[in-house]
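J.: Here the sequence shown is numbered in the numbering used here, starting from 13 and rising by one per residue.
Handing you this structure, nothing more for now.
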Amino acid sequence: MLNTQNIKAQLEERLKFLGTRVDEIEDDLREPSDPDFAEHATEAEGDEVLEGLESSALREIAQIQAALDRIAEGTYGECATCGETVDEKRLAAVPHASQCISCASKK
Ligand SMILES: [Zn+2]
């Protein structure tokens with residue numbers, strides 16, 4: 013039996029962390045360009061990096077929220093594709109995993 017209480021706490025912690033990070037990234041992106049800043053190209057590149065970070069953080073947030081939903085529904089730990097139990101070691105490494113290792117590695 014999985015200890016979903018622990019996993020839930022872990023996921024919520026991560027969610028909080030990612031939420032703060034997304035806020036910080038948004039603040040950075042919203043900052044008006046400094047007119048004295050000579051290297052606009054560098055700044056634009058920096059924005060692209062930030063946007064990449066933001067979208068990967070947002071993707072992880074969505075996966076974590078889905079995992080929290082599965083905990084609430086009591087389906088956490090079941091593979092979303094084949095319905096088999098997801099290996100506990102895999103869940104320990106990737107708590108928001110929605111598929112067992114064999115489905116996740118299949119394309
Ligand atoms: Zn599976």
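We treat Cβ as the ideally placed atom computed from N, Cα and C, and that holds for glycine.
Here the structure is a predicted model, which is why all the values come from computation and not from measurement.
1. Should leucine 1 go down as buried or exposed, given a rule of 16 or more other Cβ atoms within 10 Å for buried?
2. Buried or exposed: where does glycine 89 fall if 16 or more other Cβ atoms within 10 Å of its Cβ makes it buried?
3. Suppose contacts are defined by Cβ-Cβ distances below 9 Å. Is isoleucine 37 in contact with glutamate 60 by that definition?
4. Roughly how many whole angstroms lie between the Cα atoms of alanine 21 and leucine 80?
5. How far does the alpha helix (DSSP H) with glutamine 17 in it extend, from its first residue to its last?
6. Quick check on the contact list: which residues have their beta carbon closer than 6 Å to a heavy atom of ligand 1?
T.: Judging by the given coordinates:
1. The chain is shown only over 13 to 119; residue 1 falls outside these bounds and no answer can be derived.
2. Counting Cβ neighbours within 10 Å, glycine 89 comes out buried, since at least 16 surround it.
3. In this structure, glutamate 60 does not lie closer than 9 Å to isoleucine 37 by Cβ.
4. Computed Cα separation, rounded: 10 Å.
5. From DSSP, the alpha helix (DSSP H) with glutamine 17 extends over 16–42.
6. Taking each Cβ in turn, the ones that pass are Cys91, Thr93, Cys94, Glu96, Gln111, Cys112, Ser114, Cys115.
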